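J.:
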Amino acid sequence: MGRMEPDAETGAGAPRSVHGVFQVAGGRQGSVQKGSAAHRGSSTCRPVDPMRLLVGTMAGWASMEENLLADDPPSPPSHPLRGAIVLLLVAAALLATFVRVPYFVFRPGSVQPLSTKVMITTGQRFNATGEIHFTTVRQDTTVNGWEWLEARMKPSLTLIEEDRVLGGRSRDENRTFNMQLMRVSKSTAVAVALRYLGVDPFRATGVGLAEVGGPSTGLLTIDDVILTVDGAPVLRAMDLVEAIRDRGPGDVVDLEVEPVRGGASRTVSVVLGARDDDQTVGFMGVAPQTRWEDVEDLPIDVLVNTGSVGGNSAGLALTLSILDLITPGELTGGLQVATTGTIDPTGVVGSIGGIVQKVVAARDGGMDLFLVPTSEADQARQHAGDMPVEGVATLDDALAALARHGGQTQNLRLPTG
């Protein structure tokens, strides 16, 4: 029986713990059991260094991985049509992102409480639990293809051609125009609210002339103000109409007039002519208009600051909010009430734009009630969800609607003392 010789590289005797793994003659790795025939009879077997074995094994794994990868089939060549489609899609996406289209997109805006925007500078202010809110529309004036597509798909968005919105004005001119509409709306709302309470913030001072012609040519100018007719004072345009209603052609009317910018008054005698449509009715040849001036000694003074919001659709909301803040009680019955609609000096409520966006803003803003112009009530209800919508045509209609929902609208008055 042969004897194992020490390994020349390690200087060790028989291996102590190589788990029966040996380098077998011929370069093969083998696993043999101690005491087996192979173990007893082979003089060419020698123990293997564990580190060398590990390195060799890892090299084998790497070689195996290369062989596996080499056996994978090659990727098919890309199809020319597929590449063209990808390029077209990328180009379309870039165009949709960076190219502007000539449209405006109108989105739901916000509901804003008016109690913080209406200031009572003279007189008493009454705060309430409920509140009047006005509604706004968000306007996107720079629209790309994606936004255009979004507006076509979402019911809450409205897409309108730029030319229709601007109406021939530039963007700056349109902004100025809308701010002027808001200024007129605010002054009208103050006047309507005060008149409803029996206080007129303006005083008629005489009859101005928008046009002069016919028998008055050379005697009167548009810079004149008529103060009296045959000695009787006239303060409003209707007063002048009534004064000559029963006069016939050829009658002489004596007028006291003064320059519109002030100065000495003078007397002018006008011989009435005949109307083309009725030869029996006297004709003076002027277009009268009432001249107004602010009343200085009002019992209450109201200022409204709506910031950068433009347009005239907040007229009704402003009127109701002013009434609520300068009179005692809960005009809204404690409700949060959104309102939209223009208001004219006689209290008539006019239609507005963007009703869909405004009702969505009111609904999402948690409003208890929405007052809208009668002409737009049906459309508003389609988007209101559970929020009640009331259509109104006048200020009286709006107050009646608030009363139906618990508002204290009877006997509104300014406090005395």
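Numbering-wise, the sequence shown is residues 431 to 847 according to the numbering used here. Think of the CB as a built atom: it goes at the ideal place given N, C-alpha and C, for glycine as much as any other residue. Note that the structure is predicted; figures quoted are calculated from it, not measured.
1. Taking only three categories from DSSP, how would you classify Arg834?
2. Which residues does DSSP list as the beta-bridge partners of Asp570?
3. If the criterion is Cβ atoms closer than 8 Å, does the pair Val682 and Ser699 meet it?
4. Report buried or exposed for Asp593, applying the criterion of at least 16 other Cβ atoms within 10 angstroms of its Cβ.
5. Buried or exposed: Ala791, going by 16 or more other Cβ atoms within 10 Å of its Cβ?
6. Can you give the Cα-Cα distance for Val573 and Phe607, rounded to whole angstroms?
7. Below 8 Å on the Cβ atoms is my guess for Gly763 versus Gly560; work out the distance and round it to an integer in Å.
8. Please report the straight-line C-alpha distance between Val849 and Arg555, rounded to a whole angstrom.
9. Taking the continuous alpha helix (DSSP H) assigned at Arg601, which residues delimit it?
10. Any idea which residues DSSP pairs Phe564 with across the strands?
11. Taking only three categories from DSSP, how would you classify Met549?
12. CA-CA distance, Asp754 and Val531?
13. If you check the beta carbons only, do Ala619 and Gly745 fall under 8 Å apart?
14. Starting from Gly821, trace the beta strand (DSSP E) in both directions and tell me its first and last residue.
15. Below 8 Å on the Cβ atoms is my contact criterion, and I expect Ala768 with Phe800 to pass it. Report the Cβ-Cβ distance as a whole number of Å.
16. How long is the line joining the alpha carbons of Ala814 and Thr710, rounded to whole angstroms?
17. Under three-state DSSP, which class holds Thr487?
18. Can Gln719 and Gly628 be called in contact, C-beta distance under 8 Å?
19. At which residues does the alpha helix (DSSP H) containing Ala747 begin and terminate?
20. Please state the DSSP three-state secondary structure of Thr647.
21. Going by C-alpha to C-alpha distance, which of Arg582, Ala621, Val614 and Thr571 sits closest to Ser600?
22. Between Arg512 and chain D, is there a C-beta pair that is closer than 8 Å?
23. Exposed or buried, Leu825, counting other C-beta atoms within 10 Å across all chains shown (16 or more means buried)?
24. Helix or strand or just coil, what does DSSP make of Gly575?
25. Report the rounded CA-to-CA distance for Val687 versus Arg633, giving the unit in angstroms.
26. Can you give the Cα-Cα distance for Thr635 and Asp669, rounded to whole angstroms?
27. Going by beta-carbon coordinates alone, are Gly661 and Gly712 separated by less than 8 Å?
28. Once DSSP output is grouped into helix, strand and coil, what is the label at Gly471?
29. Could you pull the DSSP bridge partners for Ala704 from this structure?
30. Is the Cβ-Cβ distance between Leu733 and Leu750 less than 8 Å?
31. Over the uninterrupted alpha helix (DSSP H) stretch that includes Ile935, give me the two end residues.
32. Could you give the first and the last residue of the continuous alpha helix (DSSP H) run that contains Val595?
33. In three-state terms, what does DSSP make of Gln453?
T.: This is what the structure gives:
1. helix
2. Val535
3. yes
4. exposed
5. buried
6. 22 Å
7. 6 Å
8. Here the chain comprises residues numbered 431 to 847, so residue 849 is not present and cannot be evaluated.
9. Arg601 to Tyr626
10. Gln542 and Thr769
11. strand
12. 44 Å
13. yes
14. Val819 to Val822
15. 5 Å
16. 58 Å
17. The predicted position of Thr487 is uncertain, since its pLDDT is 45 and thus under 50; no value can be drawn from it.
18. no
19. Gly745 to Ile756
20. strand
21. Thr571
22. Given the protein chain composition of this structure (a single chain), no chain D is represented.
23. buried
24. helix
25. 18 Å
26. 12 Å
27. no
28. Confidence at Gly471 is low in this model, with a pLDDT of 44, below 50, so the placement of that residue should be treated as unreliable; the coordinate-derived value is given next. Helix at Gly471.
29. Gly712
30. no
31. With the chain running from 431 to 847 in the structure shown, residue 935 is simply not present.
32. Glu592 to Leu596
33. Because the pLDDT of Gln453 is 40, which lies under 50, any placement of that residue in the model is unreliable, and the question is left without a value.
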